[in-house]
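Structure record follows, encoded as structure tokens.
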Amino acid sequence: MPPNASNIRAEDEFGRKAGTPAKVEATTNRYKVSFLMPVDIGKFTRFAVKYKLPKEIYVKQDGLNFEIILPAFQDFDYYIEKASIIFAFPEGAEVAQLSCNNGLPTTLSQEGLVWKGVIYTQGASYLDAFNIKIAYKYNPLWLSFRPTLWIFTLAAFGTIVVAIIKKTQKPAAKPAELAVAAKAVELVSGDVESFINFYEEKRRILSEIETLEASLRRGRIPRHTYKVRKKTLETRLASVSRSLEDLKLKLIAASGRYADLMFQFERAEADIAEAEAKIRDADARYYRGELSLEAYRKIIEEYEQKRDDAEARISGILVRLREETH
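For what it's worth, the numbering used here labels the leading residue of the sequence shown as 13, then goes sequentially.
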């Protein structure tokens, strides 16, 4: 955690509170987070760590002008393949600067009166610590105008860091391999179309796996045939998912327009994952006799609707992306 962080709490990808983070090293301010569910080897999970930072240390104020300096990737001994650091500014703020002292690419986008900023990095190790500088102008009168939408107070500044972390042995220092271009990422012709095609292929594979499992339950195919076909589909799905993640991060780093679409895409995918988890949980509870038929049907109907709504949002995003390619 950054120095002087307080009120530290952790949540899983569905917003459920995880175990209380426990400090394991005072010098580097490292904490241990315990997940609610185990994570299989080779798999990944999403979680959020939220905390408050003191204004008097991190924020400089001159009238309506604010400047924040935040340390990133300080004092850690693992390796991060890819990370996007996302900032949501208070409604009505006029953003003057979002930059890193090591030249990492940043993007700023505006949706209505709200600004969003993204810093993209890859191949981060203990050699790559840097500081983030944020400067903006903000009138406190917005507090009375839109109190429910004020994202952070002057006493505490929160950030959400979404990162896929691959823990490995500490790599040897190889600056050439860890270097990140100082200029913003430029899209190669066909990147957007590739993203659309890969996602549609992912949908097809998931549909084939669902059909395969239904065929097994109904006794239409031998178990050996099922295992062989499913293994083939899962291998292809893993490859497609990796390509999708690479393109998604590239689109986030390319421009504000694409970044905003990817944020919406991420939220919709998280909603789908949550709905499917709730449906599986309801299935298990019903078969254990913990839910009545009426309660079970109500839960299934609710989360199937949420899943369908999220799928519709993703379809809308794909349509908008297709329009960009024509």
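Heads up, the beta-carbon is just placed ideally off N, CA and C, and yes, glycines get one too.
One question on the structure: do residue i and residue j come within less than 8 angstroms of each other, judged by their Cβ atoms?
i	j	result
K262	D203	yes
F59	F47	yes
A105	Y63	no
L303	A294	yes
K128	I80	no
A141	Q73	no
A108	Y148	yes
A265	A322	no
K243	I221	no
L256	K318	no
R325	A280	yes
N41	P66	no
I291	E316	yes
Where does residue i fall in DSSP's three states?
i	result
S121	strand
A196	At A196 the pLDDT is 42, less than 50, meaning the model places this residue with poor confidence and gives no usable figure here.
F277	helix
E257	helix
I233	coil
N143	strand
V71	strand
Y148	strand
K55	coil
F101	coil
T39	coil
Q134	strand
S206	helix
S46	coil
A30	coil
Nearest by alpha-carbon distance to residue i: which of the options is it?
i	options	result
A136	N113, F101, R292 and I92	I92
P83	E225, S121 and I146	I146
T119	T337, D272, K318 and A296	D272
E212	I69, A280, N16 and V252	V252
A22	N16, P14, A34 and P15	A34
S18	Y43, R28, F210 and I326	Y43
R332	R241, V45, Q276 and E313	Q276
V45	A38, K29, L245 and L224	K29
L330	Q122, G115, S206 and E68	S206
Let's test the definition: count the other Cβ atoms within 10 Å of the Cβ of residue i and tell me whether it reaches 16, buried, or not, exposed.
i	result
R334	exposed
S96	buried
R158	Residue placement at R158 is poorly supported in this model, since its pLDDT is 42, which falls under 50; the coordinates are not used for a value here.
G31	exposed
I53	exposed
To test your reading of the DSSP string, which unbroken alpha helix (DSSP H) runs of 4 or more residues are found completely within the segment 280-308? none
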